[in-house]
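A.B. asks: Taken in order, these protein sequences are the chains called A and B. Once you know that position 105 of the first sequence is 105 in the UniProt record's numbering, the rest is easy, because the numbers rise by one and skip nothing. Once you know that position 11 of the second sequence is 11 in the UniProt record's numbering, the rest is easy, because the numbers rise by one and skip nothing. Just so you know, even glycine gets a beta-carbon here, dropped at the ideal spot from N, CA and C.
Protein chains: 2
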Amino acid sequence: MSNAEIFEPFLRRLRVSTEIDEEDEAAIRHLPITVKRMAGGQPVVSLGDRPSACCLVVDGFILRSKIVGNGHRQIMAFHQPGDIPDLQGLFLHVMDHDVSTLGDSVLGFIPHAAVRSLIRKRPNVAEALWRDTLTDAAIFREWICNVGQREATSRVAHLVLELYTRLKAIGRADGLSFDFPASQALLADAVGTSVVHMNRVVQQLRAQRVLDLERGRISILDEARLREIADFDVLYLHLNPSL
Amino acid sequence: MSNAEIFEPFLRRLRVSTEIDEEDEAAIRHLPITVKRMAGGQPVVSLGDRPSACCLVVDGFILRSKIVGNGHRQIMAFHQPGDIPDLQGLFLHVMDHDVSTLGDSVLGFIPHAAVRSLIRKRPNVAEALWRDTLTDAAIFREWICNVGQREATSRVAHLVLELYTRLKAIGRADGLSFDFPASQALLADAVGTSVVHMNRVVQQLRAQRVLDLERGRISILDEARLREIADFDVLYLHLNPSL
DNA sequence: CGCTTCATTGAAACGTTTCAACGCTAGTGG
DNA sequence: CCACTAGCGTTGAAACGTTTCAATGAAGCG
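1. Give the DSSP-derived three-state secondary structure of Ala39 (chain B) in the structure shown.
2. Ignoring anything shorter than 4 residues, give me the alpha helix (DSSP H) runs that lie fully in the region 144 to 178 of chain A, in order along the chain.
3. Label Met1 (chain B) either buried or exposed according to how many other C-beta atoms from any shown protein chain fall within 10 Å of its C-beta, with 16 as the threshold for buried.
4. Could you pull out every unbroken alpha helix (DSSP H) segment of at least 4 residues lying fully inside the region 78 to 134 of chain A, listed in chain order?
5. Can you tell me the Cα-Cα spacing of Leu176 (chain A) and Ser52 (chain B), whole angstroms?
6. Under the DSSP definition of a beta bridge, which residues are partnered with Arg73 (chain A)?
7. Which residues of the region 137 to 151 of chain B have a Cβ closer than 8 Å to any Cβ of chain A? Give them in chain order.
8. Under a three-way DSSP split, which group does Ser219 (chain B) fall into?
9. Report the neighbours of Glu223 (chain B) on chain A: residues whose CB is nearer than 7 Å to its CB, in chain order.
10. Tell me, please, whether the CB atom of His97 (chain A) is closer than 9 Å to any CB atom in chain B?
11. For Ile6 (chain B) and Val35 (chain B), which I take to be in contact (beta-carbon distance under 8 Å), what is that distance rounded to the nearest angstrom?
12. Go through its chain and collect everything with a Cβ distance to Arg166 (chain A)'s Cβ below 7 Å, but skip five positions before and after it.
13. Please classify His30 (chain A): is it buried, with 16 or more other beta-carbons within 10 angstroms of its beta-carbon, or exposed?
14. Please tell me whether, using a cut-off of 8 Å, the distance from the CB of Glu8 (chain B) to the nearest non-hydrogen atom of the ligand FMN is below it.
15. Between A:Arg120, A:Ala230, A:Asn199, A:Ser194, which lies nearest to Arg73 (chain A) when the distance is taken from Cα to Cα?
16. Buried or exposed, going by whether 16 or more other CB atoms sit within 10 Å of the CB of Ala26 (chain B)?
17. Using the Cα positions of Gly71 (chain B) and Glu22 (chain B), report the straight-line distance between them to the nearest angstrom.
18. Touching or not, the region 152 to 167 of chain B and the region 122 to 137 of chain B, by the rule of three or more beta carbon pairs under 8 Å?
19. Looking only at C-alpha atoms, which of B:Ser117, B:Gln208, B:Leu235 sits nearest to Glu223 (chain B)?
20. Three or more C-beta pairs closer than 8 Å, one from the region 102 to 116 of chain A and one from the region 138 to 150 of chain A: is that the case here?
21. Here's a check: name, in chain order, each residue in its chain whose Cβ is nearer than 7 Å to the Cβ of Asp132 (chain B), leaving out the five neighbours to either side.
22. Our contact map puts Asp14 (chain A) next to Ile33 (chain A) with C-beta atoms below 8 Å; I'd like the distance itself, whole angstroms only.
23. Cβ atoms of Leu129 (chain B) and Pro241 (chain A): under 9 Å apart, would you say?
24. Please state whether the Cβ-Cβ distance between Met38 (chain A) and Thr135 (chain A) is less than 9 Å.
25. When you compare the CB of Ala77 (chain A) with every CB in chain B, is at least one pair closer than 9 Å?
26. By the 7 Å beta-carbon criterion, what residues does the region 84 to 114 of chain B contribute toward chain A?
27. Please classify Val196 (chain A): is it buried, with 16 or more other beta-carbons within 10 angstroms of its beta-carbon, or exposed?
28. Is Glu214 (chain A) helix, strand or coil when you go by DSSP?
29. Just to make sure I have the definition right: I need the residues of chain B whose C-beta is within less than 8 Å of the C-beta of Glu162 (chain A). Which are they?
30. Check whether the region 221 to 235 of chain B touches the region 181 to 188 of chain B, counting contact only when three or more Cβ pairs, one atom from each stretch, lie closer than 8 Å.
31. What are the boundary residues of the beta strand (DSSP E) that includes Ala53 (chain B)?
32. Beta-carbon within less than 7 Å of Leu213 (chain A)'s beta-carbon, same chain only, minus the 5 sequence neighbours each way: which residues are those?
33. Run through the DSSP bridge pairs and tell me what Ile20 (chain B) is partnered with.
34. What's the call for Arg217 (chain A), buried or exposed, on a 16-neighbour Cβ count within 10 Å?
35. Once you ignore the five residues that flank Phe109 (chain A) on each side, which residues in its own chain have a CB closer than 6 Å to its CB?
36. Would you mind stating whether Arg155 (chain B) and Val210 (chain B) have Cβ atoms separated by less than 9 Å?
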């Protein structure tokens, strides 16, 4: 896999959002990167670590989670190809949460030193990366609302629409379906419900022909209805930040 | 109020976290800033706005919130003197949430253009501000956990410890108490419970002599017990990011 | 003074969790 | 090839935490 291919999903995203020029793109493509294939459910970096590289999702999905006092896990974010989930490590030196693979994934590791020198040399790139971390934050805020105010069915619908919208933006949705290798237990950790209740919600959405999940694939059956249930407004994803 | 005084709480925070030199500090102090006194509960910027300035909290508190579909409000963050709550506006042009004052406050507005030129000229400052937005994100993540996994009593305890810890860091706590002009209804919006339940939680914590809230003031009575209840770990606040 | 905001209370309804059990499917080793 | 296992989805029933509604009292303000 060439550097050009590895960085392509990432660059495609940057082009939409910033004034990235040819030289910026070239500088990014010349970043040193170590590609690593990982199985699903494996830790990438963990609470307390002091990583010296940040990780670009090339293929697959990454999740960020935390274990709380009672032993339960809360998932706080999913990341897709083209995302750099732990950019924060550049400036916050100790990890305050865990990062792990969802399903089998391909990750690229870029040394912090290289990124740091890139952002000092190319302010456009710095801004693009900064914006990336800011939209991450916007997504966190919406998750707070999701988990804090909506009821379980709504939460699941909202999560699905978020994933779908972001994946569609990078051309990884086929029609109204997309691959997402998550068990019901995992989705429960993301929306803050028990597995049992998650299961009932899934069945209910299936029965109403709104949504279906099976073996790592999510299919939207009735998009309009799903949007109603989800109380979803794309704004917070800042997909086209120039607007 | 001189610029030096206005920027002092902000600078004090930066000094802890970054290699800010004399020139950086001077550049910050020379930022154009318009100071405005605002009553409590007033909007600062709202959903859909395209602000052209960002706002520095000089005195008082600011909160970030969102109204969800069912009409309920979720508060996603509180900001204290020295914070710049809407730095995101520099790169994400449309506001995806509301910002308003908690109690009576003094705010300083700095034009985006001035901040933008500052960060191009002074990479140290850019990094410091970037880090600020990253710790904001870390706090959002912890709120997701708080609201998603802990039960109401724990959530309140956690929120109180977060506020206390951050205020102590800037010298705004007297002993184990601090001013925080929030009604129970407002706290309920922050931790995602009903007002009624919030009230019962407060009474319970009072009865156990763990915590007391009265007329805009929060007092910790039993810090050790509060920490247990809260499941609180400072790490995520990144108070000393050089570590 | 009446008005409004905030804190408080009780009772019933509700959404969700917990526990415990069962079936299905895919993978593993004998 | 079958037995065994592990993981995942599914189910029922009871317990639990929380919400809702409706009403009341106290405090502060014009």
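C.D. replies: So, from the listed chains and residues:
1. coil
2. 152 to 169
3. exposed
4. 112 to 121
5. 38 Å
6. A:Ile67
7. Ala137, Ala138, Phe140, Arg141, Glu142, Trp143, Ile144, Cys145, Val147, Gly148, Gln149, Arg150
8. strand
9. Under the 7 Å cutoff, chain A gives no residues; its nearest Cβ is about 17 Å from Glu223 (chain B).
10. yes
11. 6 Å
12. Gln80, Leu237
13. exposed
14. Ligands displayed in this structure: none; no statement on the ligand FMN is therefore possible.
15. A:Ser194
16. exposed
17. 48 Å
18. no
19. B:Gln208
20. no
21. Ile84, Leu87
22. According to the sequence provided, residue 14 (chain A) is Leu. The question's Asp does not apply to it. Going by Cβ atoms, the distance from Leu14 (chain A) to Ile33 (chain A) rounds to 16 Å, so no, they are not a contact pair.
23. no
24. no
25. yes
26. Gln88, Phe91, Leu92, His93, Val94, Asp96, His97
27. exposed
28. strand
29. Within 8 Å Cβ-Cβ: nothing; Glu162 (chain A) doesn't reach chain B, min ~13 Å.
30. no
31. 53 to 59
32. Val202
33. Note: Ile20 (chain B) sits in no beta bridge, so no partner.
34. exposed
35. Thr34, Ala53, Cys55
36. no
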